[in-house]
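Protein chains: 2
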Amino acid sequence: MSKNVRVVVDAMGGDNAPGEIVKGALQALETQKNLTIVFVGRKKPLEAELKKYAYEAGRVETVFAEEVIEMSEPPVAAIKHKKDSSIVVGLKMLKNGEADAFVSAGSTGAVLAGGQLIVGRLGGVSRPPLAPLIPTSTGVSLLIDCGANVDARASWLVQYAKMGSIYMKHVVGIEKPRVAIVNIGAEDEKGNALVKETIPLLRACPELNFTGSIEARDIPYGRADVIVCEAFVGNVILKLFEGTCSMLMREVKKTLLGSFRSKLGAVLIKPALKKTLTNFDASQYGGAPMLGLKGLVVKTHGSSKAVEVKHSVIQCVNFSRQNINEKISRQLSAGTSAE
Amino acid sequence: MSKNVRVVVDAMGGDNAPGEIVKGALQALETQKNLTIVFVGRKKPLEAELKKYAYEAGRVETVFAEEVIEMSEPPVAAIKHKKDSSIVVGLKMLKNGEADAFVSAGSTGAVLAGGQLIVGRLGGVSRPPLAPLIPTSTGVSLLIDCGANVDARASWLVQYAKMGSIYMKHVVGIEKPRVAIVNIGAEDEKGNALVKETIPLLRACPELNFTGSIEARDIPYGRADVIVCEAFVGNVILKLFEGTCSMLMREVKKTLLGSFRSKLGAVLIKPALKKTLTNFDASQYGGAPMLGLKGLVVKTHGSSKAVEVKHSVIQCVNFSRQNINEKISRQLSAGTSAE
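These protein sequences, in sequence, are chains A and B. Throughout, the working numbering is defined as the position within the first sequence, counted from one, plus 443. Throughout, the working numbering is defined as the position within the second sequence, counted from one, plus 443.
Given below as structure tokens:
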């Protein structure tokens, strides 16, 4: 029998809390055996929300936390002062071994700061990166780091490559994940100082299937499984990809409704178009795990609906059952000691 | 009467040289009075190509250069050793005042290196950036720098903002161009070290309409006219935008041809869809000017067809007639001295 997994869910985080959060987590519960959900949040709205659903009472717990960290608050200060917020209370449970994973759609900065300050890093990990799966025309790629550690060092990027490979192999099921580093040209001599320093270090790792540089135009085509980059660049990639997809689809829709002829055409192509759009909808791939912590922290999009929360919780179950953290610890401590 | 403008065109640069290059430049000639085109390239293919067209002989000149710089050559070495290449010969004409502008679809690295080494910087300019216009849902934005100077300093970025504003005002015709810096959050305290250092410097420039940070997801919606960023980030933005648009459109087309029902719909929506696609086709906006040199160097896409070359040449005419370089010199020398 697979081990029981306890996932703490921040009921107060994101634009659609607590409604979509509670709904999505309970949907995940239905699909998974040996899963317990622990909701953390303000008593009144959380209890009111839970009343709307029928679920196995023994598999759902509640922990109350009356403070809420707002999106605009400076993250480190918020983590230090709002001890009774859902993020701080939830992350402390993870730290104390009372849960295996924590999912939040709340302030990215607060979740990242809390992950480092409260949960803490695995031994040998320099900096835990945030690593979402992004949809491509051939599947999904892991973008690592997309916002946790700006102004990164080359040695951190090498660790990202290793952690990302383990994740793609054991959680997503890709046997020899192709690792590439984001660069402004295909040749090794291209790049900024950080990339030029990192490439030979990646080439020197026999455990990686390192394929060299990837130019940004090739990312949407899925030409690498693990896409390594510094956090600022990764954040730009993630948000530009999202913005370009949404803008373009809006423009196409506007165009289709512009004339009778195209309106008629739009009715005919709607089912097929919807299928394509769904392929590039990040929500079905769950949230972004923060790798290299002493517990799993998953950040889902601030605008997450139930489906994204559901997939994020399922992701936690897979991550935990695959013992990803043990695998990361083993591989990173086998390498040269990190600074 | 407007002054005569002489534009040197690299007939050997890009995937479609010399055919599309010659064709596009001659098309530009037809639309502009007081324009002379000087083609630089290998004698045989260039003369063979020119024979295909009828044009006013007095307005077209040829200069022969028998070497060609390949895309894969290390740029600085190529510029130093291939003295008889179209890029070196063309840029030398610009340097010597024999022309006002130089257009090439050849090696970006060689054009950038040649611009700096042969043409030279305007007084007061620290680093000349490459600044393409990118299509957005509301018009065009200038992305500056998209690949000329990696690992930039804050003071360079401030100069980009000033040069970009002058360009958008006088070439594109936007009265008070909104300037924003690419960042990973909307607040001033977000960002990496470079962005945090640059923001207060931009706020301190009364001549700029600085609106603060722009997140990458807002770029496709045209939320700024001048988008300031470090070259590595700018290059990633340019290429990812291009890659995402092309991938998504390919997927939509594939979807439309997937069933009889959607095939029928596709026929009906084709004209409207094509209109939308054209809006996001960078070729109609010409090439990327390298700002801050003692002459105008325009780099067009390596895959440029005639239409892009045509628009690039027209862009050179506008740039030259608006005396952009004098305006840049005046504004940059009025500021604090650059390092």
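All C-beta atoms in this analysis are idealised placements derived from N, C-alpha and C, irrespective of residue type, glycine included. All values reported here derive from a predicted model rather than from experimental measurement.
Review point. Comparing the C-beta of Thr719(A) with each C-beta of chain B, is any distance below 8 Å?
Key: yes
Practice item. With DSSP collapsed to three states, give me the class of Glu463(B). Key: helix
Practice item. Return no unless some Cβ of chain B is closer than 8 Å to the Cβ of Gly484(A). Key: no
Exercise for review: Taking 8 Å as the cut-off, decide whether the C-beta atoms of Val615(B) and Cys648(B) are in contact.
Suggested key: no
Check your understanding: So Ile657(B) packs on Ala623(B), CB below 8 Å; how close in whole Å?
Key -> 4 Å
**Study point:** Contacting positions in the stretch 494-510 of chain B - beta carbon closer than 9 Å to chain A
**Key:** none
Review point. Does the Cβ-Cβ distance between Leu645(B) and Ile680(A) come in under 8 Å?
Key: no
Check your understanding: Cα separation between Val503(A) and Pro575(B)?
Key -> 54 Å
Practice item. Using a Cβ-Cβ cut-off of 8 Å, state whether Thr698(A) counts as contacting chain B. Key: yes
Check your understanding: If we cut at 8 Å on Cβ distances, does Arg660(B) have a partner in chain A?
Key -> yes
Check your understanding: Are any of the Cβ atoms in chain B nearer than 8 Å to that of Ala553(A)?
Key -> no
Exercise for review: Determine the DSSP secondary structure at Ile617(A), reduced to helix, strand or coil.
Suggested key: coil
Check your understanding: Among Lys717(A), Pro643(A), Ile587(A), Lys639(A), which residue has its Cα nearest to the Cα of Asn678(A)?
Key -> Ile587(A)
Point to revise | Selected residue, minimal CA-CA separation from Gly440(A), among Phe507(A), Asp458(A), Ile617(A) | key: As shown, chain A starts at 444 and ends at 782. That puts residue 440(A) outside it, with no answer to give.
Review point. Does the beta-carbon distance from Ala597(A) to Thr641(A) come in below 8 Å?
Key: yes
Check your understanding: List, in order along the chain, the chain B residues whose C-beta lies closer than 8 Å to that of Thr654(A)?
Key -> Per Cβ cutoff of 8 Å: no residues; Thr654(A) is ~17 Å from chain B at best.
Exercise for review: List the residues of chain B that Ala580(A) touches, going by C-beta distances under 8 Å, in chain order.
Suggested key: Looking at the sequence itself, residue 580(A) is Ser, so the reference to Ala does not match. What Ser580(A) touches in chain B: Met690, Arg693, Glu694.
Check your understanding: If you follow the alpha helix (DSSP H) that Leu699(A) is part of, which residue opens it and which one closes it?
Key -> 674-699
Point to revise | Short CB-CB distance (under 8 Å) between Ala574(B) and chain A | key: no
Check your understanding: Any Cβ of chain A within less than 8 Å of the Cβ of Ser705(B)?
Key -> yes
Check your understanding: Rounded to a whole number of angstroms, what is the C-alpha to C-alpha distance between Arg564(B) and Glu513(B)?
Key -> 25 Å
Exercise for review: Could you tell me whether the Cβ atoms of Leu573(A) and Lys605(A) are closer together than 8 Å?
Suggested key: no
Point to revise | Partners in chain A for Ser747(B), counting only beta-carbon separations shorter than 9 Å | key: What Ser747(B) touches in chain A: nothing, since even the nearest Cβ is about 16 Å away.
Point to revise | Residues that DSSP places opposite Ser547(A) in a beta bridge | key: Lys742(A)
Review point. If you run the structure through DSSP and keep just helix, strand and coil, what is Arg485(B)?
Key: coil
Check your understanding: Under a three-way DSSP split, which group does Pro518(B) fall into?
Key -> helix
Exercise for review: Mind checking the stretch 673-688 of chain A against chain B and listing, in chain order, the residues whose C-beta falls within less than 7 Å of any C-beta there?
Suggested key: Phe675, Val676, Asn678, Val679, Ile680, Lys682, Leu683, Phe684, Glu685, Gly686, Thr687, Cys688
Practice item. Out of Gly557(A), Ile771(A), Cys672(A), point me to the one whose CA is closest to Leu534(A)'s CA. Key: Gly557(A)
Point to revise | Cβ distance (whole Å) where Lys633(B) is taken to contact Ile627(B) below 8 Å | key: 6 Å
Check your understanding: At least one CB of chain C closer than 8 Å to the CB of Ser702(B): is that the case?
Key -> Structure shown: chain C not included; protein chains present are A and B.
Exercise for review: Please specify which runs of the alpha helix (DSSP H), each continuous and at least 4 residues long, are wholly inside the stretch 628-656 of chain A, giving them in chain order.
Suggested key: 636-646
**Study point:** Contact with chain A by Gly730(B), beta-carbon distance below 8 Å
**Key:** no
Check your understanding: Mind checking if Ile642(A) is an interface residue toward chain B, Cβ cutoff 8 Å exclusive?
Key -> no
Review point. Ile712(A) versus chain B: which residues are under 7 Å apart at the beta carbon?
Key: Leu699, Ser705, Gly708, Ala709, Ile712
Check your understanding: Which residues, in order along the stretch 582-600 of chain A, keep a beta-carbon less than 7 Å from a beta-carbon of chain B?
Key -> Gly590, Val593, Asp594
Practice item. In the DSSP assignment, find the unbroken alpha helix (DSSP H) run with Leu775(B) in it and report its ends. Key: 767-777
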